[in-house]
Amino acid sequence: MSETRARHFEPRPAEVAGVTFTLSGGCRGAPRPPAGWAALVRRAAEVHGDVLDVAGMYGVPARAVPDGPVRVLEPSAAGLAALRRDAGSEASRLRAAPGLPWDAAPGACDHVFLAPPAERGNARVRVELAAAARALRIGGHAWVLLERDRGAKRYEREAAAAIGPGEVVARVKGFRLSRFRRSEAAAAEPVEPWQQFDTPRGPAEALAGTFASGKLDPGSARLLQALDDASPPCEGAEVLDLGCGWGPLAGWAARRGGRVTACDDDLAAVRSTARNVPTARVVHADLDEGLASEARFDLVLVNPPFHLGAGVRVGLGEAMVATAVARLRPGGEAWLVANEALPYEAVATRLGCEVGETARSGGFKVWRARRRSDR
């Protein structure tokens, strides 16, 4: 991790039901794991057989399984890197790879651990439930962790239809953990994870649960309009889209002749951008960890997230600003959009950039940071 990034975004040690792990500030569950996680981890310590962990909890439930090989599909680049570092002597029995629940082979598992991110929308929960059903053998069990105030009872009914009969086995501070038994009579039908939609910038596709899937989010729309108005040089330029989502900013740069690299920690976002911007180099990475240390760019585009799950995560935005500035060539520019109340400009100023606001509307501000050519 670079010194600049470390000041803004230091990973922290965490513990859930006796399993210790590293939790990055940009990961799901930061800054401290939700209470419900412990219920799933405790149950994981009691299961045997072929186990698949697609809970998106950085392999923490998998590490509690007492024996046998366990497969982990993890969508977060930071979470996967932390799992591989933290597992230590357990690594030989953990088959960890980047992946999403619907990547799992059908009918191969006795147990599936699932914690669908309801904050990412109904479509994401439904495709994850369908994926769990498809991955299980007849008689296998899906262990599903849901939040009471985010539709848990409704999703439990949908899980029963997709997987088979179930029961709530634990209730912990607003979370419900249920166990469903895969039956022959249940649907267990795959659900299409791709969503097609129209935007003011043209048609697009995104995997369910990708940031702003199904629309062009207001922040990106304002940044794109500011870029249209200012027309920064793009033809032949090296362009970085940091935190690319489904790729609207990368697409803008690619259509103007930029040589585009796009990064995102979320595998669903990486796959979505790769489909929407086929000429871009798309990297699954925690911030810029997947880039060569010497890589620098003429133009960096950033729409930093304000929320992670249900919480406000200003630190993640600060880390993205610091990373964007560090990746600029002398004379290069970073263009950013943010909630108008967030003082991200101060980060760029402290790092030696000339900063100026270019637009403000609808609660958002667009600003750019130019790296001085003498630095």
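Be aware that the sequence shown starts at 0, since it is given in numbering that gives the first Met the number 0, and climbs by one per residue. All residues carry an ideal CB built from backbone N, CA and C; glycine is no exception. For clarity, every value in this text was computed on a predicted model and none was experimentally measured.
The count of Cβ pairs closer than 8 angstroms, one atom from the segment 275-287 and one from the segment 211-225, stays below three, leaving the stretches out of contact.
At least 8 angstroms separates the beta-carbon of E204 from that of N302. In the structure shown, the three-state DSSP call for V276 is coil. No Cβ-Cβ contact shorter than 8 angstroms links L82 with A103. With fewer than 16 neighbouring CB atoms inside 10 Å of its own CB, P189 falls in the exposed class. With 16 or more neighbouring CB atoms inside 10 Å of its own CB, F20 falls in the buried class. For P12, the pairing in a beta bridge is given by DSSP as T21. Judged by pairs of C-beta atoms under 8 angstroms, the segment 83-92 touches the segment 55-69, as three or more such pairs exist.
Counting of Cβ neighbours within 10 angstroms places E293 among the exposed residues, the total staying below 16. Burial is judged here by how many other beta carbons sit within 10 angstroms of a residue's own beta carbon; A37 has at least 16 and is buried.
Following the DSSP letters along the chain, one finds V238 in no alpha helix (DSSP H) but inside the beta strand (DSSP E) bounded by residues 237-241.
Between D109 and P304, the alpha-carbon positions lie close to 37 angstroms from each other.
Inter-residue distance for Y57 and E118 is about 18 angstroms (C-alpha atoms, whole angstroms). Per DSSP, the beta bridge partners of T260 are L239, R280. CA-to-CA, the gap between A333 and G257 works out to about 14 angstroms. Looking only at G244, P247, E237, W251, the smallest Cα-Cα distance to S230 is reached by W251.
Taken through DSSP and simplified to helix, strand or coil, K172 comes out as coil. Of the residues P60, R178, P202, the one whose Cα lies closest to the Cα of A86 is P60. Collapsing the DSSP output to three states places P202 in a strand. For L290, the closest of C262, A220, E317 by C-alpha to C-alpha distance is C262. In the DSSP assignment, K364 falls outside any alpha helix (DSSP H) and within the unbroken beta strand (DSSP E) covering 363-370. Counting only residues of its own chain and dropping the five nearest sequence neighbours on each side, V18 has a CB closer than 7 angstroms to the CB of V40, V59, R62, A63. In this structure, the alpha-carbon of V346 lies about 55 angstroms from that of S182. In the three-state scheme derived from DSSP, where H, G and I count as helix and E and B as strand, A117 is classed as helix. Inclusion of T357 and R369 in the CB contact set at 8 angstroms is not warranted, their separation being larger than that value. If you check the CB distance, M319 and G246 do not come in under 8 angstroms. The C-alpha of D240 lies about 6 angstroms from the C-alpha of T260.
Under the rule that a run must span 3 or more residues, the beta strand (DSSP E) segments found entirely inside the segment 79-150 read 93-97, 108-113, 135-146.
The beta carbon of I137 lies closer than 6 angstroms to those of R181, E183 in the same chain, with the five residues before and after it left out.
For secondary structure counted as the beta strand (DSSP E) over 3 or more consecutive residues, the segment 53-78 holds these complete runs in sequence order: 69-73. Distance from the CA atom of V299 to the CA atom of E353, rounded to whole angstroms, is 15 angstroms.
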